[in-house]
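Peer 1: One structure, as structure tokens, below. Some questions next.
Numbering (the numbering used here), first residue to last: 6 to 196.
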């Protein structure tokens, strides 16, 4: 996103109205990049906030808390060192989202997979998720993975709408056991 400079700084009009160009025209830098070790704590924080927002009422609280608590900064440092790709979304220099991607784990027809894609709840609904989605697609294309698959919990309606809006086709459903509950998940694909 770029800033606009209309050359009105310090004008008498600003003083009369009580606003400045800084209030009206600001620059927001949005960037998707590969995660670095120094991002580990931010990734842990974003993961916790986004998972609480996404899965409250879907995954039983005790299991959800346990899943979140496992994703410490140390866990993220290990993930960053692994073969899979961890991407971060920065807005004005702050990590506010992440995605992980790599080879498909479940379907040979679709060679690439986005394992996770999450944006901090304070930044959701602003189009930032699409930056992560396209960043993952670019990484998977660089690796010559043909086709893409993403698995989404069926009860996570915002995520389903997100992938459907990007042209994802639902091709399969399956249940996954998580502690004492069975959760349905749906596969979305792109050729």
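Glycine is no exception: its CB is placed at the ideal position from the N, C-alpha and C atoms.
Out of curiosity, what's the CA-to-CA distance linking residue 51 and residue 37?
Peer 2: In a straight line, the C-alpha of residue 51 is about 15 Å away from that of residue 37.
Peer 1: Do you know offhand how far residue 154's Cα is from residue 71's?
Peer 2: Distance between the alpha carbons of residue 154 and residue 71: 26 Å.
Peer 1: If you check the beta carbons only, do residue 94 and residue 137 fall under 8 Å apart?
Peer 2: Against a cut-off of 8 Å, the Cβ pair of residue 137 and residue 94 comes out as a contact.
Peer 1: Under 8 Å, do residue 81 and residue 49 count as touching if we go by C-beta distance?
Peer 2: Yes, Cβ-Cβ distance for residue 81 and residue 49 is below 8 Å.
Peer 1: To which residues of the same chain is residue 109 closer than 7 Å at the C-beta, ignoring the five residues directly before and after it?
Peer 2: Closer than 7 Å at Cβ, skipping near neighbours: 115, 116, 117, 118 and 154.
Peer 1: Counting only the same chain and skipping the five closest in sequence on each side, list residues whose C-beta sits under 6 Å from that of residue 139.
Peer 2: Counting only Cβ-Cβ distances below 6 Å, and skipping sequence neighbours, we find nothing.
Peer 1: Which partner residues does residue 181 have in the DSSP bridge list?
Peer 2: Beta-bridge pairing links residue 181 to 188.
Peer 1: Name the one or two DSSP bridge partners that residue 193 has.
Peer 2: Answer is 155 and 175, bridged to residue 193.
Peer 1: Looking at residue 157 and residue 128, is the spacing between their C-beta atoms short of 8 Å?
Peer 2: For residue 128 and residue 157, no; Cβs fall outside 8 Å.
Peer 1: Residues in its own chain within less than 6 Å of residue 73 by CB, not counting five upstream and five downstream?
Peer 2: Hits under 6 Å: 53 and 56.
Peer 1: Taking buried to mean at least 16 other C-beta atoms within 10 Å of its own C-beta, is residue 184 buried or exposed?
Peer 2: Flag for residue 184 reads exposed.
Peer 1: By Cβ distance below 8 Å, which residues in the same chain neighbour residue 98 in space, the five residues on each side in sequence not counted?
Peer 2: Result list for residue 98: 34, in chain order.
Peer 1: Is the beta carbon of residue 134 closer than 8 Å to that of residue 102?
Peer 2: Cβ atoms of residue 102 and residue 134: closer than 8 Å.
Peer 1: Can you grab the Cα-Cα spacing for the pair residue 178 / residue 130, in whole Å?
Peer 2: Cα-Cα distance, rounded: 26 Å.
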